[in-house]
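If you read the sequence shown in my numbering, its first letter stands for residue 1146, the second for the next number, and so on. Quick reminder that beta carbons are idealized off the backbone N, C-alpha and C, glycines included. Note sheet for the following structure.
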Amino acid sequence: MSFRTSSVLLYLFLLHIAGIYLFTRGFLLTRLSLSSVTSCDASAPCTLEPTHKRAVFLIIDALRFDFLSPNPPEPSSPYHHNVLTLPRELTDKHPQHSFLFDSYADPPTTTLQRIKGIVTGSLPTFVDMGHNFGGSSIAEDSIIQQLRMANKSIAFMGDDTWLSVFPTSFHPEMSHDFDSFNVEDLHTVDNGVIANLFPLLTGSPHANSWDFLIGHFLGVDHVGHRVGPDHPTMKAKQEQMNDVLMRLVDALDPDTLLVVLGDHGMDRKGDHGGDGDLEVSAAMWIYSKGPALSFDKASISPALLKTTVFPGASVPHRRVQQIDLVPSLSLLLGLPIPFNNLGTIIPELFWRDKYGTDYHRALEFNTRQVHQYLSTYRASSSGGELDTVWSNLQAQWTKVASSASAEKLTASVEYTRLALETCRSLWAQFNAGLIGFGLIILVLSLVVGWGIFEQSGNAVALWEAWVSKATKDCLLAALVGSALGAIAHMPSQAIPIFNGVSLLQFVLFGAATISALAILFTTPLHPRLSWSLLPLILHPVAFLSNSYTFWEDRIVPFFLLTSLVQPFLKSFSAPTSHLRKRILFFSVIFAVCIRLMGISTVCREEQHPWCSITFFAGGTVAEPPSPILALIIPLCGLLPFTIKRFLSISKSDKGVAAIFLPYILTPTLLAGSVYWIMEWVDSTQLIGASAGFRLARTILARCAMGGMLIAGGLLWSIVPVCLQITSERKPPAPGETESKTQVVVLGFANAFGSPYVIFWCISLGIVWVTTQLTGQIVLGLATVALLAYLEVVDSVNDATALQDAFETNPSAALALFQSQAGSPGAAPTSALPTPSLPIRFSDIVPIALLALHAFYTTGHQSTIPSIQWKSAFVLNSTVTYPFSPLLVILNTFGPIFLFALATPLLALWNVAPFAMTATAASAPGPATAVLGTVRASVGIMLYFNLLLVGSAVSAALLRRHLMVWKVFAPRYMAGAAQVVVVDLAVLFGVWVGARRVIGRVGAMFGGRPGSK
């Protein structure tokens, strides 16, 4: 059989891509940015007289609220270990000059999105986080734009993200940017900011030529990512920042306003990006060395001073919205409020007399600006989003306009806050037409995948005939569908639901839909329900519940262990004691490995306090646990030995396996583990920082990956067999005159499976190097679980074959029984073939679940903060494209890729290479091996596609749910990425791994499956 018939895998992949593209374009659209700019004139004033001539604007990246305090730390609080202590004389003796806030940073709490919010006063959208490492310039109005329009000079130093969003806004002689993404570098950016900051305040030629100075420190954020917030390195970094603030206050002149803030916070592990309480709680300190900003805090109405209790604290603290800084700072500097702002001015900064006269005026400007923004947005192409809430907004605006002076203050604040909350809840632009198109294609791909899976259970000749016909029908249908889509585009634009759907998207939908229907018409479906497929129903349905989605990492191992029930019961009815013991023994190994993998956990924010992090040494320490450090080196030698032991069962630990496992895989695993041990040593500063030590790590990782790819790949491509062929001349038997030569092939019974395992181990080595130490232990356990499961399936198949044979052909059954009693690895060339059984879908489900289990237990979740950014620096100490993003992808989705890549082993494991002949049509030869790999691959694509459909349906139905951006959208995005990874893995496995193995082994034994 030709590998050309495996083109159905490519078709399914393209169908998935089309569905994902259309659904994503409909679900995750960016918000509309209005290009209008606020301007004032004499007839329509919109700002106040400035209180300060210039301002210093310092961002200490990831400065959480509890990191900045006017009081000594509270020893009893776990979240007050290390703080920057503000000068008491500033906070106690001059309370009208110094204000400390807990500011709410809108998620996603990634740096680029927070910079946009801080300067524009607008809200980010979830999909914007995708631009975090390739920021585009900000086109909408901002405080930077207003400064430029007022001919103010802006100095900048620090995180180079600012230059990506404001490429031409800063004074060229006062602009100093530094690489923002090298989390291993804790000091270069901070030292660079310090070196350029103080000369501009005191002795530089430009000391008096700037009006707005931006400094963006990154050290606190990098320490959090690297070692966690409670590591001693964090205390040292905060002491450095504390010294900077002390020196800065001394250097300020009375006309300069100081603003210090964190762009976001960090969670217990030091990461950010999501919407956990610790991630959205950022510090904000505003200080005036000159004029007082407030008359008397006690004279401000308590209703205007919202408070919150910070996690771990015992008393409430003053809280503002981070975007409240935009209108406040603009008016303090005498600038108009940026047009897109949704923030509300901070009362303490404008209550300058007993009656708050300036505050009333400032709030009037603020309210009018927000109303003008909403009215302009309503008149835009996206204004329909506000239709359902516009009456409430207008009613509140009428209340503002008609209220008496005493009530107008409250009405104005309520209006701006209502506008903010309304936009938060309705900000996403959902295109229902594209969402529907995407769902239709994803559901069709599910049905088509099941049809292909059923067809692959037929004989080889029937399969080839069906593929040939389906290919022709599919191509013709795609052309017809494209034409129908193009024709339908124009008239559909009159239907509101299809507004914004482009001609290309209509053509894509038409081609995908009609081609899928054409295949379905040639594929009769006969679904076979089984209780063993229960996870297939319950798993995707669970995505409709946010609670079940939170705990998916605990549901998966339950489903996995449940999948053992059927083989466990089969062990009692197996016809031989040998098979009964084998099924039971390997089932126990599989179950033990699954349970041990489950010990490794990384908790979602929603799982606290019912979850404890074990992937790291603690919830706030990004270090491997001590037992992991003790076990990892022995595991590097034990894992290849274990793989060899599994292969030795069938005597297939010969050939390439005898060289690859001890001399290539073992050194690669060892180098990958030593790299991460050295990274731990470096991050914990057990030895002094050394460029040579970092270089040694880099060289070690490059040698590991390069050695595996070059040496392992070259060896496997040249000798992709694990066989040892020996011949022995036997003396003539009694009554015969001529001696005979007996040929014994060791590894014959597993001739297809063993070399594919070596091929799979190449990918294991690559993923191993990008995986942190606890994850490497998990990968080792998952590998053993995979091999044990393959033995379980093989033993169950043998038991089924024997039972069927005894019922239909007792003499053949006796031969099979005798072969079971003999050595399965050494087979003469005339050995009796064992009938092959079609792969059941229930056989594939455990491998799919094992892939997900490995994903979760290697330290990942369907959340942004769980991304392990350290992996970006495995091959280099700085960010390098495209390698750094690829390494992060390998770290994140490598476990999914690995076990999807292993799926063809269901068709190859313990399969002897008998050639296809007329008399052995049911024998497991090369042609049936090809068809088996296709069937197994379609099965795992089908399972992950089903999970994607479940997550997409939940995201679409619950797109107005409070948890949509916290739970349902991230799970859909993870599901889409996993489907793409699985599809690529099986295409790679079938077209590279299985093709080479089956072609070479089949050629050796006279059965060429075709290589076209």
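Nearest residue (CA-CA) to residue i, options the options
{"i": "Q1517", "options": "S1548, D1498, T1746, I1482", "result": "I1482"}
{"i": "H1409", "options": "H1417, L1402, I1640", "result": "H1417"}
{"i": "G1134", "options": "R1513, L1508, E1509, C1568", "result": "Limits of the chain in this structure are 1146 at one end and 2157 at the other, which puts residue 1134 out of reach."}
{"i": "N1603", "options": "L2129, R1985, L1531", "result": "R1985"}
{"i": "D1395", "options": "F1362, K1434, G1373, G1415", "result": "K1434"}
{"i": "Q1921", "options": "F1704, I1778, G2120", "result": "I1778"}
{"i": "W1430", "options": "D1698, D1366, H1723, I1205", "result": "I1205"}
{"i": "L1476", "options": "F2044, S1287, G2077, I1165", "result": "S1287"}
{"i": "P1865", "options": "G1852, A1856, E1873, P1900", "result": "P1900"}
{"i": "W1355", "options": "Y2001, T2003, G1594, R1199", "result": "R1199"}
{"i": "L1607", "options": "M2149, T2073, R1699", "result": "T2073"}
{"i": "L2102", "options": "V1686, V2146, Q1467, T1521", "result": "V1686"}
{"i": "A1437", "options": "S1178, C1906, V1264, L1494", "result": "L1494"}
{"i": "H1332", "options": "G1348, L1292, M1386", "result": "M1386"}
{"i": "Q1383", "options": "S2099, D1335, K1414", "result": "D1335"}
{"i": "E1318", "options": "V1310, E1329, V1328, I1299", "result": "I1299"}
{"i": "F1897", "options": "S1527, W1825, G2144", "result": "G2144"}
{"i": "M2108", "options": "L1268, N1691, L1179, P1769", "result": "N1691"}
{"i": "T1183", "options": "S1243, A1381, N1511", "result": "N1511"}
{"i": "P1344", "options": "P1812, F1301, L2093", "result": "F1301"}
Outcome for residue i when other beta-carbon atoms lying within 10 angstroms are tallied against a minimum of 16
{"i": "P1223", "result": "Note that P1223 scores 39 on pLDDT, short of 50, meaning its location in the model is unreliable and no value can be drawn from it."}
{"i": "N1296", "result": "exposed"}
{"i": "I1682", "result": "exposed"}
{"i": "L1173", "result": "buried"}
{"i": "A1340", "result": "exposed"}
{"i": "F1666", "result": "exposed"}
{"i": "N1353", "result": "exposed"}
{"i": "G1364", "result": "buried"}
{"i": "Y1500", "result": "exposed"}
{"i": "G1743", "result": "buried"}
{"i": "S1862", "result": "exposed"}
{"i": "Y1504", "result": "buried"}
{"i": "H2005", "result": "buried"}
{"i": "Q1917", "result": "buried"}
{"i": "D1108", "result": "No answer is possible for residue 1108: the residues shown for the chain start at 1146 and end at 2157."}
{"i": "S1536", "result": "exposed"}
{"i": "P1374", "result": "buried"}
{"i": "K1414", "result": "buried"}
{"i": "H1351", "result": "exposed"}
DSSP beta-bridge partners of residue i
{"i": "F1362", "result": "I1205"}
{"i": "A1300", "result": "L1358"}
{"i": "I2177", "result": "Residue 2177 falls outside the range modelled here, since the chain spans only 1146 to 2157, and no answer is possible."}
{"i": "A1189", "result": "D1186"}
{"i": "L1245", "result": "W1430"}
{"i": "F1323", "result": "D1304"}
{"i": "R1463", "result": "T1452"}
{"i": "R1199", "result": "T1401"}
Chain C within 8 Å of residue i, Cβ atoms only
{"i": "S1797", "result": "The structure shown contains no chain C, having only a single protein chain."}
Practice prompt. Run through the stretch 1475-1542 for me and flag every whole beta strand (DSSP E) of 3 or more residues, listed as ranges in chain order.
Written response: Taken in chain order, the whole beta strand (DSSP E) runs of length 3 or more contained in the stretch 1475-1542 number zero.
Discussion item. Quick check on the DSSP output: what are the complete alpha helix (DSSP H) runs of length 4 or more inside the stretch 1400-1460, in order along the chain?
Written reply: As far as the stretch 1400-1460 is concerned, its whole alpha helix (DSSP H) runs of at least 4 residues are 1422-1425.
Worksheet item: If you pair each beta-carbon of the stretch 2010-2024 with each one of the stretch 2045-2057, do three or more pairs fall below 8 Å?
Response: Here the stretch 2010-2024 makes no contact with the stretch 2045-2057; the two share fewer than three CB pairs at distances below 8 Å.
Discussion item. Measuring CB atoms only, is the stretch 1778-1788 touching the stretch 1753-1764, in the sense that at least three cross pairs come out at less than 8 Å?
Written reply: With the cut-off at 8 Å, the stretch 1778-1788 and the stretch 1753-1764 do not touch.
Discussion item. When you compare the stretch 1195-1204 with the stretch 1355-1362, are there three or more beta-carbon pairs, one atom per stretch, that lie closer than 8 Å?
Written reply: With a cut-off of 8 Å on Cβ pairs, the stretch 1195-1204 is in contact with the stretch 1355-1362, counting three or more such pairs.
Worksheet entry | Inter-stretch contact at 8 Å, needing at least 3 Cβ pairs: the stretch 1714-1726 / the stretch 1911-1919 | At 8 Å Cβ cutoff, the stretches do not touch.
Discussion item. Count Cβ pairs between the stretch 1295-1310 and the stretch 1322-1331 that sit closer than 8 Å; are there 3 or more?
Written reply: The stretch 1295-1310, when compared against the stretch 1322-1331, does touch it at the 8 Å Cβ threshold.
Worksheet item: Are three or more beta carbon pairs between the stretch 1998-2016 and the stretch 1837-1849 nearer than 8 Å?
Response: Between the stretch 1998-2016 and the stretch 1837-1849, the count of C-beta pairs closer than 8 Å stays below three; the two stretches do not touch.
Worksheet entry | Contact between the stretch 1466-1473 and the stretch 1245-1255 (3+ Cβ pairs under 8 Å) | Below 8 Å, enough C-beta pairs join the stretch 1466-1473 and the stretch 1245-1255 to call them touching: three or more.
Worksheet item: Do the stretch 1641-1659 and the stretch 1683-1702 make contact, defined as three or more Cβ pairs closer than 8 Å?
Response: No contact exists between the stretch 1641-1659 and the stretch 1683-1702.
Item to complete: Please confirm if the stretch 1556-1568 is in contact with the stretch 1159-1170, defined as three or more CB-CB distances below 8 Å between the two stretches.
Response: A contact between stretches requires three or more CB pairs, one per stretch, nearer than 8 Å, and the stretch 1556-1568 fails this requirement with the stretch 1159-1170.
Discussion item. I'd like to know if the stretch 2125-2142 and the stretch 1633-1641 are in contact, where contact means that at least 3 CB-CB pairs between them fall below 8 Å.
Written reply: Fewer than three beta-carbon pairs drawn from the stretch 2125-2142 and the stretch 1633-1641 are found closer than 8 Å, and the two stretches are therefore not classed as touching.
Item to complete: Evaluate the contact criterion for the stretch 1690-1708 versus the stretch 1656-1666: three or more CB pairs, one atom per stretch, below 8 Å.
Response: Not touching, per the Cβ criterion.
Discussion item. Taking 8 Å as the cut-off, does the stretch 1926-1934 touch the stretch 2035-2054 (at least 3 CB pairs, one atom from each stretch)?
Written reply: Short answer: they touch.
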